[in-house]
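Worksheet: the structure to be examined is printed underneath.
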Amino acid sequence: MNRKMRRFRQLLDDGQNVEILKKNTNGTLALIDDEGFPYALPISYVFDDENRKIYFHSARAGHKIDAIRSNPNASFAIVDQDEIIPEKFTTCFKSVICFGTIQIVKDQSEIIAALDMLAQKYSPNVSSILRKEEINGSLKRVAVLEFDIQKMSGKQAIELTK
1 MNRKMRRFRQ LLDDGQNVEI LKKNTNGTLA LIDDEGFPYA LPISYVFDDE NRKIYFHSAR
61 AGHKIDAIRS NPNASFAIVD QDEIIPEKFT TCFKSVICFG TIQIVKDQSE IIAALDMLAQ
121 KYSPNVSSIL RKEEINGSLK RVAVLEFDIQ KMSGKQAIEL TK
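If you want it as structure tokens, here you go:
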């Protein structure tokens, strides 16, 4: 997790990483499952910039939950740009990967706050009353996962640095 990027000219700064986290809607969460195998899954999320955390919602049981209970270490990758340039045999890309730990949120007020952030991001035109009803109706069947970012690293294609 503490490796330095070999191609440092392609490194994105913290502000660029944060913007990518804010604007995108899905990424790939990578875990180590309860049998010791890598388990990577596409998932929607919301980034809490103030607390530098990422929140996900999930079913209360399943492969993902078992993996988190077995090993809290995780990474989360977002591809912001991916344009193939066939004539140059390259790809023009921007991406961010976050490293940290993930846990199942237990505190009811934090669960509600995270679900509200998710609802505001993905259903911005829905009234707060309807959001609250949906959240309250889902509390018994939904888990909220909190990813505590310990390190963020963003990278872009060399063509974008010019």
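Just so it is clear: in the sequence shown, position 63 is 63 by UniProt numbering, and no numbers are missing.
C-beta: ideal position from N, C-alpha, C; glycine also.
Here the structure is a predicted model, which means the values were calculated and not measured.
query	result
Under the three-state reduction of DSSP, which class applies to PRO72: helix, strand or coil?	coil
So, does the stretch 142 to 160 touch the stretch 95 to 104, judging by three or more C-beta pairs under 8 Å?	yes
Which stretch, first to last residue, makes up the beta strand (DSSP E) that contains ASP48?	46 to 48
Where does ILE85 land, buried or exposed, given buried means 16+ other C-beta within 10 angstroms?	exposed
Tell me the DSSP secondary structure of VAL18 in three-state form.	helix
List the residues that DSSP assigns as beta-bridge partners of VAL142.	ALA59
Taking the alpha-carbon of residue 166 as reference, which of MET117, TYR122, SER138 and ASP13 has the nearest alpha-carbon?	It is not possible to answer for residue 166, since the shown part of the chain is limited to 1 through 162.
Report the three-state DSSP secondary structure of ASN26 (helix, strand or coil).	strand
Would you identify the three-state DSSP class for LYS88, choosing helix, strand or coil?	helix
For GLU83, which three-state DSSP category applies?	strand
Terminal residues of the continuous alpha helix (DSSP H) containing GLN120?	108 to 122
Confirm, please, whether the CB-CB distance from ASN26 to PRO42 is below 7 Å.	yes
Would the stretch 123 to 137 and the stretch 56 to 71 be scored as touching if the rule is three or more Cβ pairs under 8 Å?	no
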